[in-house]
Ligand SMILES: Nc1nc2c(c(=O)[nH]1)N[C@H]1C(S)=C(S)[C@@H](COP(=O)(O)OP(=O)(O)OC[C@H]3O[C@@H](n4cnc5c(=O)[nH]c(N)nc54)[C@H](O)[C@@H]3O)O[C@H]1N2
Ligand SMILES: Nc1nc2c(c(=O)[nH]1)N[C@H]1C(S)=C(S)[C@@H](COP(=O)(O)OP(=O)(O)OC[C@H]3O[C@@H](n4cnc5c(=O)[nH]c(N)nc54)[C@H](O)[C@@H]3O)O[C@H]1N2
Ligand code: SF4
Ligand SMILES: [Mo]
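Numbering (UniProt numbering), first residue to last: 1 to 681.
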């Protein structure tokens, strides 16, 4: 295999490792062993050389003076951030002797891994770590923080995480961006939409609670009350049926339950739907007629919808719409929630669940880390965090921090930086960046799998996730070959012998040769979906069995106290979740943490644009700069970005977010919390 690491200078292919649907092809410019520039790969069939501003500034992060270079041991009180450097030997010895002691006293379930996709590489994020924790018998983590509720909702309707091929959306005539801030979070879908707009007069409709950069680019922006999108979709179905805009032939051939659905949506008349959603009756008609008449139409279903109490049902409901018009049959028509099922590799071979002896091992939902650390009996006595920054990204942040501050909790954090979570650690381990590792990446939007060959040497003494878990396994005395496998071997096991028909032509050797390869969509058939009936399920027997209503339905948000505003703390343009929030370059691009509110509410509260305001509820408080206008409806406030608290700046939005679980899959409900807001005196 070629090695880019040994070359001191050159331009090398790469892939973006961040948790972003676009998964761009990159080219890395290297001089004297250092990365000097990161650009888009013009040859990448989907991303075509364009990348976001965040990653164009990646070198600022890679060589930030605060990047960790050695393991660290805490010397001050927890959370104070006072550490001294130690050797890897000492770090591994300390962990292993502490863990052996804990296992003797309390069993292995006293140890909890906490991780997410800070680096989307499959070996890094769900490879040797899973093998190790399975073999250890540690408590399990349910990784629910991102997209689980919507994925399950979508699957009830469509069977799996499969939708339209984004490369075909160059043909699309109507783009409905529904609960997605695509300009910031899926920029290439927006690029394609704009091209289609220029070339074939395509229209872009955005349905959102915030007129942000995506709404401002739309041909038509439709503001909606948070958590009411299922009602809007049901109102559209009501009109589609009553105005005979449905495709009966398609419904007969490809769906189950349309007769029940037709009956069911009679109650969602436009007046009722308007009173729930805040969307004017005329606009509901206009949107529905547009959707019923323009083909091909694509609904890009975003994550914003499913960070609500009722998010699973909302996505389940919206996913029914393309079946009513038969939009799936037109090239570029249908919907994209996630396309990850096209690229499912052999996860069992990679993660080796068979190494977990006790199949009854307890599992913690990652959205309730605070509870896990504070209210569990028997307690969690050790936490190993990697690829995630829960002190910032997890809801009920004050509870999380109280848990992390426990003196009897032995915490290890493996990261590139001394994150806010790492400040609470007993031991901190330095992590390599993705450009230092071998790995493979599978997009959840486009259909390509891509390889990352290491481009540079590990930074300082940093080590990759796979290397750290190999070292821990050895020190624990685990003898299984599975815990010794090299990255090449891990990749071969994951990629070769895939049982996924869309993936069967892809293996390690071919990927090394081609750098990126596309899933083969040919076996996909709307008549052979992964639902119980094989068809699109407008009525779902399975949902009934699982305790839901079998038909798509509007379920109101849970009660969350009686404070006046629904608070939507979304991500921002220049950070990626909390990644980049600690890098000066990206902070400067983003300027400051703001909260958007409607001018009517501002007037009533005596708040003016630019005022410092306090935002609070019973869970916590924040201080942000008010942005007053008409970008949000009255009764809604929106912040952008997962900022950390800084000296003199309390801006940790997740201090306010509830840790209730969504209706499906134990998903997060970041956007279903209530707050009050007032001017700081
Ligand atoms: N620049 C940037 N890109 C990112 C990320 C980032 O932090 N920054 N994060 C990455 C990750 S991990 C993910 S999961 C994705 C998330 O990216 P998206 O799928 O875009 O999801 P969000 O940004 O959470 O929310 C999308 C939109 O939903 C709106 N929204 C909230 N509640 C509702 C509602 O009830 N109804 C409607 N119609 N709209 C609502 C919000 O105002 C927001 O504009 O982006 C990825 N890409
Ligand atoms: N209020 C609010 N909260 C949210 C969201 C929201 O919209 N609003 N979005 C939620 C969503 S969708 C998501 S996906 C989560 C994301 O939450 P996280 O997964 O925690 O994402 P990041 O904040 O990007 O943190 C990733 C960390 O991994 C580290 N890292 C990167 N590469 C590696 C590596 O190779 N090895 C190791 N060991 N570490 C590495 C990075 O330096 C960074 O500190 O946040 C959730 N939190
Ligand atoms: S963060 Fe997203 S848009 Fe930016 S380079 Fe990475 S994959 Fe591309
Ligand atoms: Mo996410």
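We put the CB at the ideal spot given by N, CA and C, even for glycine.
Go ahead and label residue i buried or exposed: buried means 16 or more other beta carbons lie within 10 angstroms of its beta carbon, across all protein chains shown.
i, result
"residue 446", "buried"
"residue 63", "exposed"
"residue 30", "buried"
"residue 226", "buried"
"residue 275", "exposed"
"residue 215", "buried"
"residue 629", "exposed"
"residue 42", "exposed"
"residue 592", "exposed"
"residue 690", "The requested residue 690 is not part of the displayed model; the chain covers only 1 to 681."
Which residues mark the beginning and the end of the beta strand (DSSP E) in which residue i is found?
i, result
"residue 374", "Premise fails: residue 374 lies in the alpha helix (DSSP H), 369 to 374, not in any beta strand (DSSP E)."
"residue 335", "334 to 336"
"residue 439", "439 to 442"
"residue 74", "72 to 74"
"residue 39", "34 to 40"
"residue 208", "203 to 208"
"residue 246", "Run containing residue 246: none; DSSP gives neither H nor E here."
"residue 223", "220 to 223"
"residue 128", "Not the beta strand (DSSP E): residue 128 falls in the alpha helix (DSSP H), residues 128 to 136."
"residue 85", "83 to 85"
"residue 517", "516 to 518"
"residue 416", "Segment: none, residue 416 is in no beta strand (DSSP E) and carries neither H nor E."
"residue 177", "174 to 178"
Residue i: beta carbon under 8 Å from a heavy atom of ligand 1?
i, result
"residue 571", "yes"
"residue 643", "no"
"residue 179", "yes"
"residue 54", "yes"
"residue 182", "yes"
"residue 688", "Residue coverage of the chain in this structure runs from 1 to 681, which leaves residue 688 outside it and unanswerable."
"residue 567", "no"
Could you check where the alpha helix (DSSP H) with residue i kicks off and where it finishes?
i, result
"residue 745", "Limits of the chain in this structure are 1 at one end and 681 at the other, which puts residue 745 out of reach."
"residue 156", "148 to 158"
"residue 111", "Not the alpha helix (DSSP H): residue 111 falls in the beta strand (DSSP E), residues 111 to 115."
"residue 429", "Looking at the DSSP string, residue 429 is not in any alpha helix (DSSP H); the run it does join, the beta strand (DSSP E), is 427 to 430."
"residue 331", "Run containing residue 331: none; DSSP gives neither H nor E here."
Enumerate in chain order the residues of its own chain whose CB-to-CB distance from residue i is below 7 Å, with the five nearest sequence positions on each side excluded.
i, result
"residue 400", "369, 370, 390, 391 and 394"
"residue 353", "134"
"residue 262", "241"
"residue 211", "221, 223 and 631"
"residue 102", "110, 111, 381 and 382"
"residue 182", "189, 190, 214 and 300"
"residue 616", "675 and 676"
"residue 341", "160, 161 and 162"
"residue 88", "71 and 461"
Measuring only from the beta carbon, is residue i closer than 8 Å to any heavy atom that is part of ligand 2?
i, result
"residue 665", "no"
"residue 148", "no"
"residue 387", "yes"
"residue 454", "no"
Sorted by chain position, which residues of the same chain lie with C-beta nearer than 6 Å to residue i's C-beta, five sequence neighbours on each side aside?
i, result
"residue 82", "75 and 76"
"residue 516", "448 and 450"
"residue 193", "175 and 204"
"residue 208", "215"
Any beta-carbon of chain D closer than 9 Å to the one on residue i?
i, result
"residue 182", "Included in the structure is just one protein chain, with no chain D present."
Measuring from the CB of residue i, is there a heavy atom of ligand 3 at a distance below 8 Å?
i, result
"residue 344", "no"
Verify the contact flag: residue i, CB atom, against every heavy atom of ligand 4, threshold strictly below 8 Å.
i, result
"residue 19", "yes"
"residue 577", "yes"
"residue 145", "yes"
"residue 303", "yes"
Can you give me the Cβ contacts of residue i inside the same chain, cut-off strictly under 8 Å, excluding the 5 residues immediately before and after it?
i, result
"residue 32", "8 and 9"
"residue 652", "392, 397, 620, 622, 643, 644 and 645"
"residue 290", "174, 203 and 205"
Inset, instruction - Jot down the residue ranges of each uninterrupted beta strand (DSSP E) in the region 346 to 412, minimum 3 residues, whole runs only, in chain order. - result: 363 to 365 and 382 to 386
Inset, instruction - Scan the region 248 to 311 and note each continuous alpha helix (DSSP H) run of 4 residues or more that stays entirely inside, going in chain order. - result: Qualifying alpha helix (DSSP H) stretches, in chain order: 248 to 254, 258 to 264, 270 to 277 and 281 to 293.
Legend entry - Ranges of the alpha helix (DSSP H) found wholly within the region 544 to 609, counting only runs of at least 4: 584 to 590 and 599 to 605
Inset, instruction - Would you mind listing the alpha helix (DSSP H) stretches within the region 443 to 514 that are 4+ residues and don't spill past its ends, in chain order? - result: 465 to 476, 487 to 495 and 508 to 514
Inset, instruction - Run through the region 596 to 676 for me and flag every whole alpha helix (DSSP H) of 4 or more residues, listed as ranges in chain order. - result: 599 to 605
Inset, instruction - At 4 residues or longer, and completely inside the region 7 to 68: list those alpha helix (DSSP H) runs for me, N to C. - result: 53 to 56 and 58 to 62
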